[in-house]
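Structure first, then comments.
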Amino acid sequence: MEPGHFPAATGVPPARPDIPAPRLARGITIVALLCYATVTVLNVLRSGGSSGTRLAVCVGLVLLVFGVQFVVSAPAARTWSMRRKVGFLAFQTLLTYLPLVWFGLSWGSMEGPLAASVLLTFRWRTAWPLFGAVVASIPVYAIALGQPAAQVGYFLIAGMLCGIVIYGLSRLTDLVHEVHSTREELARMAVNQERLRFARDLHDLLGYSLSAIALKGELIHRLITTRPDQARGETAELLAVARQALADVRLVSSGYRDMSLRDEAETAAAILAAADVRADVSIECGRLHPVVDTALATALREGVTNILRHSKVQRCSISATVDAETVLLSLVNDGAPLGKAPASASTGGSGLDNLRERFARIGGRLSAGPGEDGRFHLEAYAPVRPRAGNDGSRGTGPRPTERAAA
Numbered sequence: 000m001e002p003g004h005f006p007a008a009t010g011v012p013p014a015r016p017d018i019p020a021p022r023l024a025r026g027i028t029i030v031a032l033l034c035y036a037t038v039t040v041l042n043v044l045r046s047g048g049s050s051g052t053r054l055a056v057c058v059g060l061v062l063l064v065f066g067v068q069f070v071v072s073a074p075a076a077r078t079w080s081m082r083r084k085v086g087f088l089a090f091q092t093l094l095t096y097l098p099l100v101w102f103g104l105s106w107g108s109m110e111g112p113l114a115a116s117v118l119l120t121f122r123w124r125t126a127w128p129l130f131g132a133v134v135a136s137i138p139v140y141a142i143a144l145g146q147p148a149a150q151v152g153y154f155l156i157a158g159m160l161c162g163i164v165i166y167g168l169s170r171l172t173d174l175v176h177e178v179h180s181t182r183e184e185l186a187r188m189a190v191n192q193e194r195l196r197f198a199r200d201l202h203d204l205l206g207y208s209l210s211a212i213a214l215k216g217e218l219i220h221r222l223i224t225t226r227p228d229q230a231r232g233e234t235a236e237l238l239a240v241a242r243q244a245l246a247d248v249r250l251v252s253s254g255y256r257d258m259s260l261r262d263e264a265e266t267a268a269a270i271l272a273a274a275d276v277r278a279d280v281s282i283e284c285g286r287l288h289p290v291v292d293t294a295l296a297t298a299l300r301e302g303v304t305n306i307l308r309h310s311k312v313q314r315c316s317i318s319a320t321v322d323a324e325t326v327l328l329s330l331v332n333d334g335a336p337l338g339k340a341p342a343s344a345s346t347g348g349s350g351l352d353n354l355r356e357r358f359a360r361i362g363g364r365l366s367a368g369p370g371e372d373g374r375f376h377l378e379a380y381a382p383v384r385p386r387a388g389n390d391g392s393r394g395t396g397p398r399p400t401e402r403a404a405a
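Position 24 of the sequence shown, counting from 1, maps to 23 under numbering that gives the first Met the number 0, and the rest follow consecutively.
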């Protein structure tokens, strides 16, 4: 999918599905410049006859003036150096006033494009006084030639209108380009966010399952010759974990990520028992908000995954309590080197870093590290009701009953 055709990223559909907005805006500016150029040529012809030479010179100068104006009005001109901008403005000034010698006041409407270029070149504090001077120049010249007040007023209003219209169209074209670029950037950000979401969920869901599969595989390898009956039982459990991992992958791809803290605690106790780790589990909280339940279950899964990576762990305790405002999940285990956090805590963008971001989004917090008792403590605090407008990482996939059947 092309980034420019990503309406969901901004919620604003393009003006025409077959014409990109920047091209459409630029086309409107070109049409306006051509109309003003045609008016100038008609004024010259009306005042001085239809001489072929006069017509050719007029058309050539008009095309040159509006060609310069087209370049100055382009969005790329905003990035020019001031020296280059002033150079183009000086050249356009010569093209605006020198032809007055041949064409007289019929050339006077060309002050409008010059006035627009002044606004596009300088900052407002300088641009608007210069704009007024340019707009007033032809009326002053008309007064010097003894023209009636109506003619002077016509030149004043025509020059001001032309300058403001060209300036407005040019700035609108700039804004359309900026909006179009922002729209593409939002589309890229949306894609990157989805990639990060997918990578985070794969880590959270599969790190635990794959660690359990590796652990049970090693256990089966040791038991298969000496205790085949127990090996068969462990094989059945390994297959169940593998099936759940496959279901988790499908759920991640569909965007659904709701989990149950109580179910994860039961699974964790069985996995830790298979790893010869004594687990004391106490889940003393009732039904939780799905977002809070998912965040706490994910924290527990990450904590157990870290435990399975440390062969020295012999005992751990898992508890969850709730008061009027906060749910506390606590996981404590021995066997962690004093002063060191598990590997996932220091690797940016995964593991405990992901969990801290997840809990911060719902108004909670997470802390992890060795305690004074020499054991590793992971504590996750979550509000009973998640922060309004922040749903953690809930998706839009199947409901919990469908997950059980996946």
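Just so it is clear, CB atoms sit at the ideal spot from N, CA and C, and this is done for glycine as well. This one's a predicted model, so the numbers in the text were calculated from it and none came from an experiment.
Worksheet item: DSSP three-state call for Asp257: helix, strand or coil?
Response: It is coil, neither helix nor strand.
Item to complete: Could you check the C-alpha separation between Leu33 and Lys84 for me, to the nearest Å?
Response: The alpha-carbon of Leu33 is positioned some 23 Å away from that of Lys84.
Worksheet item: For the beta strand (DSSP E) that contains Leu328, what are its first and last residues?
Response: Leu328: member of the beta strand (DSSP E) spanning Thr325 to Asn332, first to last residue.
Item to complete: In angstroms with no decimal places, state the Cα-to-Cα distance between Arg277 and Arg384.
Response: Those two C-alpha atoms are separated by around 33 Å.
Worksheet item: Applying the criterion that 16 or more other CB atoms from any shown protein chain within 10 Å of the CB defines a buried residue, is Thr52 buried or exposed?
Response: The residue in question, Thr52, is exposed, as its Cβ has fewer than 16 Cβ neighbours within 10 Å.
Discussion item. Going by beta-carbon coordinates alone, are Val134 and Met109 separated by less than 8 Å?
Written reply: Contact check for Val134 against Met109 fails: the beta carbons are separated by 8 Å or more.
Discussion item. For a quick check, are the C-beta atoms of Ala296 and Leu171 less than 8 Å apart?
Written reply: No.
Discussion item. I believe Val280 touches Ala264 by the beta-carbon criterion, under 8 Å. Please report the beta-carbon distance rounded to the nearest angstrom.
Written reply: Right, their Cβ atoms sit about 5 Å apart.
Worksheet item: Quick one: is Trp106 buried, meaning 16 or more other Cβ sit within 10 Å of its Cβ, or exposed?
Response: Answer is buried; the Cβ neighbour count reaches 16.
Fill in: Coarse secondary structure for Val284, derived from DSSP in three states
Looking at the sequence provided, one finds Cys at residue 284 rather than Val. Three-state result, Cys284: coil.
Worksheet item: Using the rule of at least 16 other Cβ atoms within 10 Å of the residue's Cβ for burial, across every protein chain shown, is Met81 buried or exposed?
Response: Met81 is exposed by the Cβ-count criterion.
Worksheet item: Excluding sequence positions up to five away, which residues of its chain have a Cβ less than 7 Å from the Cβ of Ala272?
Response: Ala278, listed in sequence order.
Discussion item. Determine whether the beta carbon atoms of His202 and Asn353 lie at a separation below 8 Å.
Written reply: In this structure, Asn353 lies closer than 8 Å to His202 by Cβ.
Practice prompt. Hey, could you find the ends of the beta strand (DSSP E) Phe130 is sitting in?
Written response: Going by DSSP, Phe130 is part of no beta strand (DSSP E) but of the alpha helix (DSSP H) stretching over Trp123 to Ala143.
Worksheet item: Pick from Gly232, His376, Arg308 and Pro21: whose alpha carbon is nearest that of Glu177?
Response: Checked all of Gly232, His376, Arg308 and Pro21; the closest Cα to Glu177 is Pro21.
Worksheet item: Would DSSP call Arg15 helix, strand or coil?
Response: For Arg15, the pLDDT reaches just 43, beneath the cut-off of 50, and the residue's location in the model is therefore unreliable, although a value from the coordinates is still provided. Three-state result, Arg15: strand.
Practice prompt. Whole angstroms is fine: what's the gap from Gly348's alpha carbon to Tyr166's?
Written response: Any answer about Gly348 is weak, because its pLDDT of 37 lies below 50 and its placement is not dependable; what the coordinates show is given next. A straight line joining the alpha-carbon of Gly348 with that of Tyr166 spans about 47 Å.
Worksheet item: Pairing CB atoms from the segment 353–366 with CB atoms from the segment 283–294, are three or more of them under 8 Å?
Response: The segment 353–366, when compared against the segment 283–294, does touch it at the 8 Å Cβ threshold.
Worksheet item: Name the DSSP bridge partner or partners of Phe407?
Response: No information on residue 407 is available, as it lies outside the stretch 0 to 405 that the chain covers here.
Practice prompt. Could you tell me the distance, in whole angstroms, from the CA atom of Glu217 to the CA atom of His179?
Written response: Spanning the two alpha carbons is a distance of roughly 56 Å.
Worksheet item: With a Cβ-Cβ cutoff of 8 Å, do Ser329 and Glu378 count as a contact?
Response: Result yes, Cβ atoms of Ser329 and Glu378 sit closer than 8 Å.
Worksheet item: Should Asp228 go down as buried or exposed, given a rule of 16 or more other Cβ atoms within 10 Å for buried?
Response: Answer is exposed; the Cβ neighbour count stays below 16.
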